[in-house]
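Engineer:
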Amino acid sequence: MRLNHNKVLLAERFHCYIRVYYADGHYELRDENIQDYIKQNRGKSGYKHPILIENQNLYPTIDQKENLCCWINLGYIEEKNPFYIWVLQSRGLYDKAVKMYVNFKLKELVKDSC
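Numbering (our numbering), first residue to last: 5 to 118.
#1: Classify Leu110 as buried or exposed, calling it buried when 16 or more other Cβ atoms lie within 10 Å of its own Cβ.
#2: Hey, Gln60 and Asn77 are a contact pair by Cβ (cut 8 angstroms); roughly how many whole angstroms apart?
#3: Considering only C-alpha positions, which residue in the set Ile22, Asp35, Tyr105 is nearest to Glu83?
#4: For Ala27, report the span of its beta strand (DSSP E) as first-last.
#5: Assuming Glu32 and Cys74 form a contact by the criterion Cβ under 8 angstroms, report the distance between their Cβ atoms to the nearest whole angstrom.
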């Protein structure tokens, strides 16, 4: 059962499934391949070519071809959700996510000022 009312925070790739974390603290395993999401969103413009899961943009932490790549919701970082911070820290992604968020916001400001 999918809880579509909840914000997606992070998606992790595994061999034959995806683990998707939500803002309320739960996660679900999906019997899907992340490549399907990457193919659906190929050609999308924007910061680091996000993928779309449940109408929310998730941005790759490293090259999407890498098996260690995770996709994170940059827009939700400013909410300072304790669970999200914990998930990012436990995967060693918190500092990288904050840097990505700052770059994301800078690009938005530059784009808006033009």
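Every residue, glycine too, gets a C-beta built ideally from N, C-alpha and C.
Structural biologist: Reading from the atomic positions:
#1: exposed
#2: 6 angstroms
#3: Tyr105
#4: Run containing Ala27: none; DSSP gives neither H nor E here.
#5: Wrong, their Cβ atoms sit about 15 angstroms apart, outside the cutoff.
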